[in-house]
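*Asks:* I'd like to ask some things about the structure below.
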Amino acid sequence: MSVTEQPPADGPEAADAAQEALHDRIAADSLNTRRDYLRIVATVSGGLAIGGIGVASGILHRHGDSDGAPEVKKIADQLLPGESLAFRYPEQEDRAVAIRLEDGTLAGYSAVCTHLACAVLWRNDRGSEGELYCPCHEGIFDARTGEVTAGPPPRALPKVLLVEETDGSVWAVGTTRSGESVQEGLCRQLGADRPDLAERLGCPGASAGGAGTRSERT
Ligand code: FES
3 MSVTEQPPAD GPEAADAAQE ALHDRIAADS LNTRRDYLRI VATVSGGLAI GGIGVASGIL
63 HRHGDSDGAP EVKKIADQLL PGESLAFRYP EQEDRAVAIR LEDGTLAGYS AVCTHLACAV
123 LWRNDRGSEG ELYCPCHEGI FDARTGEVTA GPPPRALPKV LLVEETDGSV WAVGTTRSGE
183 SVQEGLCRQL GADRPDLAER LGCPGASAGG AGTRSERT
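For the sequence shown, the numbering used here gives the first residue as 3, with consecutive numbering after it.
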């Protein structure tokens, strides 16, 4: 798998734990059998620090706004370098975009501009490696980080965490808020329901017995 990425914020152990948690997430949501799970060789490109996910208050409430874990959703059978895909996640009304950069990096974002909620488009012909572009007021977001590089948007785009399986299929597995690392996003969205994963991730206050979490999944 590959997730929208920046350098790891919490070192390789956190990255490994978060990667394993993403694997568990897929398995736990019953989208794969145990055998399928073992075949998943998801990797998190460049570590797990997915920072800079902006959520414009009252506009982008969906992306990263839930304390519960959104559904895991297959979005494509394959996404090749230079390709992009518009999809909906976590809910049907939530516009999102997945992009595969020429170097293979896979990235996913909310496609709702953090300025006034226009649709953000992937423009492969802009910038050195493409840009996320909002035509309403010339807002531009970095393809690798979602950070604002030009125009009036006040915050980075929220990210959608993407996982790629060995067969090339691409799955959306979660979202993060503005400024959250992947680990923080996973702790918030998964920790409450999966204290075992939360503990493995080193989530604050987490323990396998459930301390510091809301509830056990039944
Ligand atoms: Fe996107 Fe204004 S709505 S820049």
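Every residue, glycine too, gets a C-beta built ideally from N, C-alpha and C.
These numbers were taken from a predicted model, which means no experiment stands behind them.
For Ser171, I'd like the list of residues in its chain whose CB is within less than 8 Å of its CB, leaving aside the five on either flank, ordered along the chain.
*Replies:* Only Lys76, Ala78, Asp79, Gln80 meet the Cβ criterion.
*Asks:* How long is the line joining the alpha carbons of Ala119 and Arg202, rounded to whole angstroms?
*Replies:* About 37 Å.
*Asks:* To the nearest angstrom, report how far apart Gly187 and Asp127 are at their CA atoms.
*Replies:* Roughly 31 Å between the two C-alpha positions.
*Asks:* Tell me Tyr91's beta-bridge partners as DSSP assigns them.
*Replies:* Bridge partners of Tyr91: none, in fact.
*Asks:* Hey, is Cys120 close to the ligand FES, as in C-beta under 8 Å from one of its heavy atoms?
*Replies:* It does: the Cβ of Cys120 is within 8 Å (strictly closer) of some heavy atom of the ligand FES.
*Asks:* For the ligand FES, I want to know if Glu140 counts as a neighbour, meaning its beta carbon is within less than 8 Å of at least one of the ligand's heavy atoms.
*Replies:* Glu140: yes, Cβ under 8 Å from the ligand FES.
*Asks:* Cβ of Leu163 within 9 Å of Cβ of Ala145?
*Replies:* Contact flag unset, no.
*Asks:* Between Glu149 and Thr116, what straight-line distance do the alpha-carbon atoms span, to the nearest angstrom?
*Replies:* C-alpha separation (whole angstroms): 11 Å.
*Asks:* May I have the straight-line CA-CA distance separating Ala112 from Asp169, to the nearest angstrom?
*Replies:* The sequence shown places Ser at residue 112, not Ala. When rounded, the distance between both Cα atoms is 25 Å.
*Asks:* If you draw a straight line from the alpha carbon of Leu134 to that of Asp105, how long is it in whole angstroms?
*Replies:* Answer to the nearest angstrom: the Cα atoms are 17 Å apart.
*Asks:* Under 8 Å by Cβ, that's how I've got Gly132 and Leu103 pegged, so tell me the actual separation to the nearest angstrom.
*Replies:* The Cβ separation is near 7 Å, so the contact holds.
*Asks:* Taking Ala121 as the reference, which of Ala109, Ala88, Cys189, Thr147 has the closest Cα?
*Replies:* It is Ala88.
*Asks:* Grouping DSSP H, G and I as helix and E and B as strand, with all else coil, what is Gly204?
*Replies:* The answer is coil: DSSP assigns Gly204 none of H, G, I, E or B.
*Asks:* Please determine whether the Cβ atom of Gly153 lies at a distance below 8 Å from any heavy atom of the ligand FES.
*Replies:* Yes; taking the cut-off as 8 Å, the Cβ of Gly153 has a heavy atom of the ligand FES nearer than that.
*Asks:* How about Cys115: is its Cβ closer than 8 Å to a heavy atom in the ligand FES?
*Replies:* Cys115 Cβ: within cutoff of the ligand FES.
*Asks:* Return the CA-CA distance between Cys205 and Arg196, expressed in angstroms with no decimal places.
*Replies:* The straight-line gap from Cα to Cα measures roughly 11 Å.
*Asks:* Looking only at its own chain, which residues have a Cβ that is under 6 Å from the Cβ of Glu294, when we skip the five neighbours before and after it?
*Replies:* Any property of residue 294 remains undetermined from this structure, which presents the chain solely from 3 to 220.
*Asks:* Have a look at Thr151 and Leu159 and give me their C-alpha separation to the nearest angstrom.
*Replies:* Distance between the alpha carbons of Thr151 and Leu159: 11 Å.
*Asks:* Just the C-alpha distance for Ala200 and Gln185, rounded to the nearest angstrom, thanks.
*Replies:* Between Ala200 and Gln185, the C-alpha separation is close to 9 Å.
*Asks:* If you reduce the DSSP assignment to three classes, tell me which class Arg196 lands in.
*Replies:* Of the three classes helix, strand and coil, the one that applies to Arg196 here is coil, per DSSP.
*Asks:* Do you know how far the Cα of Leu108 is from the Cα of Ile91?
*Replies:* Per the sequence shown, the amino acid found at residue 91 is Tyr instead of Ile. Roughly 16 Å separates the two Cα atoms.
*Asks:* Just list the residues that DSSP pairs Leu108 with in beta bridges.
*Replies:* DSSP output for Leu108 lists Arg102 as bridge partner(s).
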